Amino acid sequence: MRFTGWERVFPNLSWQAFHSWKALGWYRLANALARTPCCLRASSLGQPSWKSIRLPVSVVLICELVVCRPLYPPGLRFMAFILLVMVWASLRADDMQNVNPASVKLSQVGLRFILRKTKTSGPGRKVGELHGFISRVVGLSGFDWLGEGFKLLTSERFSWARDFLCPCFTNESDEPKREYMDAEGLALQLRRLLKELPTPVRQMGTWKVKRELLLPGDVANFWTGHSPRHFVVSIAAAIGISKDRRDYLGRWACAQHGSQDYVLTSRQVVQAIQTTVCKTLLLGGDGGGYIEEELLCTLRSFADDLGLNGEEIVGANTVMQWDGHKQTWLLGGQYPAFAVNPERVPIAEGELEAKLPGEYEAFEAEPDEDEAPYFLTVSRRGFRRLHLSKRCAVRRERCLETIPVFHLGEGIADAMCKLCKPRVEIGEESSTSGSEDTVEGEQEALEPEPFGGGLGLGPLAGGLGHDQDL
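All the letters of the sequence shown, read from the start, carry residue numbers 407 to 876 under this note's numbering.
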């Protein structure tokens, strides 16, 4: 079954809302949603699933040109830089919003930053902070997008203190709002970027910009917030880079060991994959290099279904050329595409066959065991709320910051979770009753100690919502 447009997106959103509402106890609303025609059709045909489609080379190329052209609005340039970081570092949208701008450093080796939380790391997990890397010599357009983007990030307009990387912009893509934007908001903002990108064109050996839109109409809906993450990974697989090397893109499995040597060695592997992909796109490779034909054919069909000229859109996005002499697809030009000190190129390229300090192990997220009976969630404003471990609907891995609590004390929290408070009260009632047998006494010994009133919570102990924690 093939879903297009809303037929492809809405069933998944409906099922996610259905299960979320049931988990919250909103059974009447969930049942009403389940009886809608869209959900009935989706349930009869099976729940749709699809993998995010990778971005074409044309989008990566034009984003570099936009970043390096001061004539464009600052917001548009900044979003193009964000997209390029997601592409080359293989990041999800939620990964980007867990990067503190103060941790982003640029050197002659490349860009380096710290991921405070990802799908497999962060608060409440065994793996803490992870590192992201981008080689200093990656680039397709001939312009130093990494240097220009870092200047933009550290400029007065974008260097205000915050714990997330990408702010929200106005409709004019000019001034950033100094407020947090979640991953869904970032995905929508990236889609708006795709709709505003001009078309790249090569004239006299130099990439320039045409006024015509690269992705007119609703063609940008062809991609999702996860699409940038698949660009380098997909090309690396197509050109024959082994899976044990590719697994360091976007996952950084080395973090399971935690040693500094392992982190540094993984940087060699990650940047080597990035530069190998960059070389293949610029100069071609064995077996015809990277071939985009299948992706562009799918894009043509999608555009035709929207009533647009699919052939014209595909023509604008076809930037790879066939070299009959080398028998390969390539962008052309030289590597590195922009001026770099030749002595620094080997350092920035990394080493694909670098020996890792320890045998490779496929990294998979596992539920972490936490012996603390309580934990605190800390909001951006410093508000602390106490929860029961493993018995609260609030999950530590989804929170901005959490602190394990082994013993309760005066002033340890500002409020008690409204979902945990009834369980605590039941525990207090059972602990004061004198009709408990030995088995019940042993069971109580395994439960967290009752929440007392001596924590200095004051009137806030009545239980506020969770909007301040997440």
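For every residue, glycine included, the Cβ atom is placed at its ideal position computed from N, Cα and C.
Here the structure is a predicted model, which means the values were calculated and not measured.
- A straight-line Cα-Cα distance of about 52 Å links S547 and V811.
- By the neighbour-count criterion, in which a residue is buried when 16 or more other Cβ atoms sit within 10 angstroms of its Cβ, H793 is buried.
- Restricting attention to A644, T630, Y586 and Q680, the CA atom closest to the CA of G538 is found in Q680.
- A residue is called buried once 16 or more other Cβ atoms fall within 10 Å of its Cβ, and D710, having fewer, is exposed.
- Here DSSP, grouped into helix, strand and coil, assigns T686 to helix.
- Boundaries of the beta strand (DSSP E) around F519: G516 to L521.
- For G646, there is no enclosing beta strand (DSSP E), as DSSP marks it with neither H nor E.
- With a threshold of 16 other beta carbon atoms within 10 Å, N723 meets it and is buried.
- Spanning the alpha carbons of E618 and D820 requires a straight line of approximately 55 Å.
- Classified as exposed, W728 has fewer than 16 neighbouring CB atoms from the shown chains inside 10 Å of its CB.
- In the structure shown, H636 adopts helical secondary structure according to DSSP, grouped into three states.
- For the pair of segments examined, the segment 590–607 was found not to touch the segment 508–521: the number of CB pairs separated by less than 8 Å stays below three.
- Around the Cβ of T734, a 10 Å sphere holds 16 or more other Cβ atoms; the residue is buried.
- Partner residues in the beta bridge of R608, as assigned by DSSP, are W613.
- A buried status is given to G691, since no fewer than 16 other beta-carbon atoms sit within 10 Å of its beta-carbon.
- By the C-beta density criterion, D501 is buried, having at least 16 other C-beta atoms within 10 angstroms.
- Nearest to K732 by C-alpha distance, out of P752, V784 and G693, is G693.
- In the pairwise beta carbon analysis, the segment 487–504 is classified as touching the segment 552–559: at least three pairs are separated by under 8 Å.
- Per DSSP, reduced to three states, the secondary structure at L814 is coil, with no helix or strand assignment.
- In the three-state DSSP reduction, R750 falls in the coil class, being neither helix nor strand.
- Judged by DSSP in its simplified three-state form, E618 adopts strand.
- Only residues of its own chain outside the window of five on either side were considered, and among them L490, G545, L546, S547, F549 and W551 have a CB closer than 7 Å to the CB of E470, listed in chain order.
- Each residue's CA atom was taken as its position, placing R475 and A495 some 23 Å apart.
- Shown here, C574 sits in a strand according to DSSP, grouped into three states.
- At least 7 Å separates the beta-carbon of P634 from that of L521.
- For T704, the uninterrupted alpha helix (DSSP H) run begins and ends at E699 to D711, by DSSP.
- Your pair V493 and V638 checks out as a contact, with CB atoms roughly 7 Å apart and the cut at 8 Å.
- Only residues of its own chain outside the window of five on either side were considered, and among them P622, G623 and V625 have a CB closer than 8 Å to the CB of L714, listed in chain order.
- With a cutoff of 7 Å on beta-carbon distance, A593 and G646 are scored as not near each other.
- An exposed status is given to E759, since fewer than 16 other beta-carbon atoms sit within 10 Å of its beta-carbon.
- The beta carbon of F628 sits closer than 7 Å to those of I459, L705 and F708, all from its chain and outside the five residues before and after it, given in chain order.
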